[in-house]
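For the sequence shown, the numbering used here assigns the number 192 to the initial residue and increments by one for each residue that follows.
The block underneath contains the structure these notes are about, expressed in structure tokens.
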Amino acid sequence: MKLADASKLLKERGFKNTPKRYDMLEYIFRQNKYVTARDIQQALKDKYKGLSFDTIYRNLSTFIEVDVVEVTELEGEKRFRSKCSSSEHHHHFICLDCGNTKSIYRCPMDNLSVDLPGYTVQSHKFEIYGLCPDCS
Numbered sequence: 192m193k194l195a196d197a198s199k200l201l202k203e204r205g206f207k208n209t210p211k212r213y214d215m216l217e218y219i220f221r222q223n224k225y226v227t228a229r230d231i232q233q234a235l236k237d238k239y240k241g242l243s244f245d246t247i248y249r250n251l252s253t254f255i256e257v258d259v260v261e262v263t264e265l266e267g268e269k270r271f272r273s274k275c276s277s278s279e280h281h282h283h284f285i286c287l288d289c290g291n292t293k294s295i296y297r298c299p300m301d302n303l304s305v306d307l308p309g310y311t312v313q314s315h316k317f318e319i320y321g322l323c324p325d326c327s
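In structure tokens, the structure reads:
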């Protein structure tokens, strides 16, 4: 998903595109990795003095609700990234050092379904954690 598409979708869903909200979204979309609320606060602290975690989390909840941002939990902390552009089913490798992500288009559920006879899988999430080539 592109930043302009995300911004348009927010507006279509009835959310105002305030400068602060846009800057948060832009920061998330510039990254190719999951970021924390603290990362967002650090990136925008000079422009928005006193930017609170309440404001950040409220906007992140809006972004998730509108489906322009994805969330995961890593090392006990929620992390956020822009919604993937690909509509094709995929999963992610997440670097534990730099946070960069790589899409994986093979789904392990294709192999696991044989182990679940009689079960109906309604949803799944699969993430691989490790070190990317730059951090290895």
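Cβ atoms here follow ideal geometry from the backbone N, Cα and C, with glycine treated the same way.
Predicted model only: the values in this text are computed from it and were never measured.
Mapping DSSP to helix, strand and coil, what is residue i?
i    : result
R249 : helix
R272 : strand
K240 : coil
L307 : coil
P299 : coil
D214 : helix
S198 : helix
R229 : helix
V257 : helix
E203 : helix
Residue j and residue i - do their beta-carbons sit closer together than 8 Å?
i    : j    : result
C275 : M215 : no
A228 : Y248 : yes
H283 : K293 : yes
A197 : V259 : yes
F220 : S278 : no
D257 : L307 : Per the sequence shown, the amino acid found at residue 257 is Val instead of Asp. No, they are not a contact pair.
Y239 : K211 : yes
F271 : L251 : yes
Would residue i be called buried (16 or more neighbouring beta carbons within 10 Å of its own) or exposed?
i    : result
F244 : exposed
C286 : buried
L322 : exposed
V262 : exposed
I319 : exposed
F317 : exposed
V226 : buried
Would you list the one or two residues that DSSP bridges to residue i?
i    : result
Y320 : I285
T263 : R270
N291 : K224
Assuming residue i contacts residue j under a Cβ cut-off of 8 Å, what Cβ separation, rounded to an integer in Å, is found between them?
i    : j    : result
K224 : C289 : 7 Å
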